[in-house]
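Residue numbers (our numbering), protein chains in the order written: chain B, 50 to 371; chain D, 46 to 284.
For glycine and all other residues, C-beta sits at the position ideal for the given N, C-alpha and C.
Source: prediction; values computed, not measured.
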Ligand SMILES: Nc1ncnc2c1ncn2[C@@H]1O[C@H](COP(=O)(O)OP(=O)(O)OP(=O)(O)O)[C@@H](O)[C@H]1O
Ligand SMILES: [Mg+2]
C-alpha cells in the first residue's frame, strides 16, 4: 500500500468543523500509532462521528488537518481510504441485496482481484459468523446480523485501520459480547478506533481511551489510569470484640490517622452495635493498614470492601458541563 | 472489474429485481408500439417517421423516471456514505449510475427493434426500405437518451426525494426538448442559438440519416455538462 512507513496511523491536527454557525469540533489534536486499539468516548453530540467522517472523507473539515497512514485525507482521498475500513453509525446497507451479493459488490468496488475475491469473502463471512446468512436478503436480517454484515464489509479488504462508529449499539448482550470479541481479535493485528457509549466495552478492548466533549479532547490515557488516578473509597464496618460498646470518635480518629487515608465519614449500617465508615484514600491501597490497626485496637473487622472509581465516574466528571 | 462497472452492474440488477422495471419497460414498449403502428391502421401505411417524431417526448418522461431514484435513494437510505467513503472518485459513482441507466434504455430500444423490422417488412413489399433513417434514428435516440439521463441524474442528486428528482428532471428534459419551438418568436440570431440548444433539433438531423459532427458535439457536451454538474452536486452533498 501507498502508506508512508513510520507515520502514525491517524494524525489529527487542530481539527475544526463548523456546521453553519455551530461548532462541532474545536481544535481537536491527537495521534494514533500503528497497532493501537483506541476507544473514542464522549457524550451525545461531542463530535465523535464528525471526527470519523472527516477521517473517512465523508465530511470536510473547516480547518486543521487529518491524515491516515501518513496520507492527507483531503489531498489524496482515494489513497487514504484504501487503508481504511469504516463502519458508519447508522450502518446503511442495500436492503434488497443478498449478503453474498453485497460483499461481492464491495469486493469489486475495492478492486480485490477476482482470484482472491471468493476466498477472502469466505474468510470474512466465517470470521463474522455470517455462514448461514449469505443467501439471505439483507433487509430480512436482524440488527445483530446487519451489524456483522457492516463489519464484514469494513474488514473485507484487510485494511490497516478500522474506524468503527458505535459498533455494538442496539445489540443484545450476547451479540455485544460476540462483536466485542471479534473487534478484540481484529485489534490484535490492526489499528482500531471505535466510538461507543458503553464504557465497559472500552475497558475490555481498548488500550487507550480518548474522551472528547463539545468538540475538544478532555482525556487521553489508558483505561487503567483513567480509573485509578483518583485513589478510591473503602467501606469499613467494625464491631466490638467482647460486648464493650465502640466509641465512634475513637475509631474515626484511628482511621484518619492512617497515612494513606484522606477523609473519613460515618456510613449508615444495619448491624447492631457495629459502626460503619466511608474511608476515602488518594494514594496507596490502605486495606492492609486498616485491617492491622483494627486488630491492634482489639476490634473485629466485620466487613471491608473497596469501591473502584469507574470509567463512568471519570467520564461523567470530565464531560459534565457544569 | 472497475468500480464504475461494479456500480452499474449493481444498479441494473436491482432495477430488474423490482416489479417497477417490468411495468416501466412494458409501458414503454406499449407506447412505442402504438407510435409505430397507429398510422398503419389509420392510413394503411407504416413508416418509422411517426415513431421517431414522438419518441423524443417519450424519453422526456422515461429518462427522468429511470434516473429519479439513482442518487436520491442513496442519499435517503444513507448508503451514499458507504459509496463516498470507498477508495473511488465521486465521478466514478456518477459514471456507474449513468452507465446503468444507459444500458437499461439500450435494452428498451433493443426490444423495439422487432417493431422496426416488421415495419420494414411491410414496406419492402412494394418499395425498398431505406435503412439510413432507421439506423440514424436509433443512434439519435441513444444519444438523446444519454443527455436526458445526465440531466435526470443531476436532478436526482439535488435532494433525497425521488419525486422532486423526477419533476426537476422532467422539466429540464422538456426544456431542452421544446426550446427550438420557441425560436419562431425570436429574432433570427437568437433563434438559431435556441435551435442549437434543442435536443429535438439535433435528433431530427441525425434521424434524417445524416451524421454531422455538430450534432454529436451537442449531445456529448450536454451529457458531459450533466455529468459534471452531478459530480459537483454529489461532492457538495458531503457534510
Ligand atoms: N450534518 C450536520 N449538520 C449540522 N449539524 C450537525 C451535522 N452533523 C452533526 N452535527 C452536529 O454536530 C455535533 C456533533 O455531532 P456528532 O454526530 O459528531 O456527535 P457524536 O459525538 O457522534 O454523538 P453521538 O454520541 O450522539 O453519536 C452535534 O451537535 C450535531 O448536532
Ligand atoms: Mg455519533
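What residues of chain D sit near residue i, judged by a beta carbon separation below 9 angstroms?
i: residue 137/B; result: 123, 126, 127, 130
i: residue 119/B; result: Correct list: empty, because the minimum Cβ distance to chain D is about 16 angstroms.
Going along chain B, which residues have a C-beta under 8 angstroms from residue i?
i: residue 204/D; result: Chain B residues near residue 204/D: none, gap ~17 angstroms exceeds 8 angstroms.
i: residue 283/D; result: 106, 107, 108, 109
i: residue 51/D; result: 154, 157, 158
What does a CB cutoff of less than 7 angstroms around residue i pick up in its chain, not counting 5 residues either side in sequence?
i: residue 166/B; result: 156
i: residue 65/D; result: none
i: residue 140/B; result: 195, 196, 199
i: residue 248/D; result: 101, 185, 189
i: residue 227/D; result: 239
i: residue 317/B; result: 325
i: residue 280/D; result: 135
i: residue 229/B; result: 217, 250, 253, 254
i: residue 276/D; result: 135, 136, 139
i: residue 320/B; result: 286, 288, 351
Once you ignore the five residues that flank residue i on each side, which residues in its own chain have a CB closer than 6 angstroms to its CB?
i: residue 207/D; result: 113, 114, 117
i: residue 193/D; result: 104, 108, 218
i: residue 295/B; result: 289, 324
i: residue 119/D; result: 125
i: residue 97/D; result: 182, 252
i: residue 335/B; result: 307, 309, 310
i: residue 271/D; result: 195, 196, 199
i: residue 246/D; result: 225, 240
i: residue 176/D; result: none
CB-CB under 8 angstroms to residue i, same chain, minus the five flanking residues each way: which ones, in chain order?
i: residue 50/B; result: Bear in mind that the predicted position of residue 50/B carries a pLDDT of just 45, short of 50, making it too unreliable to give a figure here.
i: residue 51/D; result: 141
i: residue 340/B; result: 350, 353
i: residue 261/B; result: 77, 89, 90, 91, 95, 96, 97, 100, 267
i: residue 271/B; result: 256, 257, 258
i: residue 93/D; result: 81, 161, 164, 178, 179, 182
i: residue 330/B; result: 280, 281, 282, 283, 309, 310, 311
i: residue 78/D; result: 157, 160
i: residue 338/B; result: 307, 308, 309
How close, in whole Å, do the beta carbons of residue i and residue j come, if the pair is a contact with beta carbons under 8 angstroms?
i: residue 62/B; j: residue 78/B; result: 5 angstroms
i: residue 248/B; j: residue 360/B; result: 4 angstroms
i: residue 221/B; j: residue 180/B; result: In fact, because the Cβ distance is near 20 angstroms, the residues do not count as touching under 8 angstroms.
i: residue 133/D; j: residue 127/B; result: 7 angstroms
i: residue 49/D; j: residue 137/D; result: 5 angstroms
i: residue 153/D; j: residue 73/D; result: 5 angstroms
i: residue 264/B; j: residue 74/B; result: 4 angstroms
i: residue 64/B; j: residue 110/B; result: 5 angstroms
i: residue 205/B; j: residue 136/B; result: Contact flag wrong, Cβ pair sits at about 12 angstroms.
i: residue 343/B; j: residue 287/B; result: 6 angstroms
i: residue 187/B; j: residue 144/B; result: 6 angstroms
i: residue 171/B; j: residue 284/D; result: Actually they do not touch by this definition, with Cβ atoms about 35 angstroms apart.
How would you list, in chain order, the residues of chain B whose beta-carbon sits under 7 angstroms from the beta-carbon of residue i?
i: residue 133/D; result: 127, 158
i: residue 55/D; result: 154
Give the residues of chain D in contact with residue i, contact being defined as C-beta atoms less than 8 angstroms apart.
i: residue 145/B; result: 59, 62, 63
i: residue 124/B; result: Correct list: empty, because the minimum Cβ distance to chain D is about 14 angstroms.
Which residues of chain D have a Cβ atom closer than 7 angstroms to the Cβ of residue i, listed in chain order?
i: residue 105/B; result: 130
i: residue 141/B; result: 122, 123, 124, 126, 127
i: residue 102/B; result: 284
i: residue 130/B; result: 130, 131, 132
With 8 angstroms as the threshold, decide whether the Cβ of residue i is near any Cβ in chain C.
i: residue 252/B; result: Absent from the structure is chain C; the protein chains it does hold are B and D.
Strictly below 9 angstroms CB to CB, what residues from chain B border residue i?
i: residue 48/D; result: 157, 158, 159, 160
Within the chosen definition, does the stretch 104-120 of chain D reach the stretch 202-215 of chain D through at least 3 CB pairs nearer than 8 angstroms? yes
With contact counted as at least three CB pairs below 8 angstroms, one residue from each stretch, are the stretch 231-248 of chain D and the stretch 160-169 of chain D in contact? no
Across the stretch 82-90 of chain B and the stretch 232-241 of chain B, are there enough close Cβ pairs to call them in contact, namely three or more that are closer than 8 angstroms? yes
Jot down the residue ranges of each uninterrupted beta strand (DSSP E) in the stretch 65-96 of chain B, minimum 3 residues, whole runs only, in chain order. 71-81, 86-90
Taking contact to mean at least 3 C-beta pairs separated by less than 8 angstroms, is the stretch 112-129 of chain B in contact with the stretch 145-160 of chain B? no
Complete runs of the beta strand (DSSP E) confined to the stretch 320-351 of chain B [at least 3 residues]: 324-330
Beta strand (DSSP E) segments (min. 3 residues) lying fully within the stretch 172-215 of chain D: none
Starting from the N-terminal end, write out each residue whose C-beta falls within a distance shorter than 7 angstroms of any non-hydrogen atom of ligand 3. Among the ligands present in this structure, namely ligand 1 and ligand 2, ligand 3 is not found.
Which runs of the alpha helix (DSSP H) at least 4 residues long sit entirely within the stretch 252-284 of chain D? Give them in chain order. 258-281
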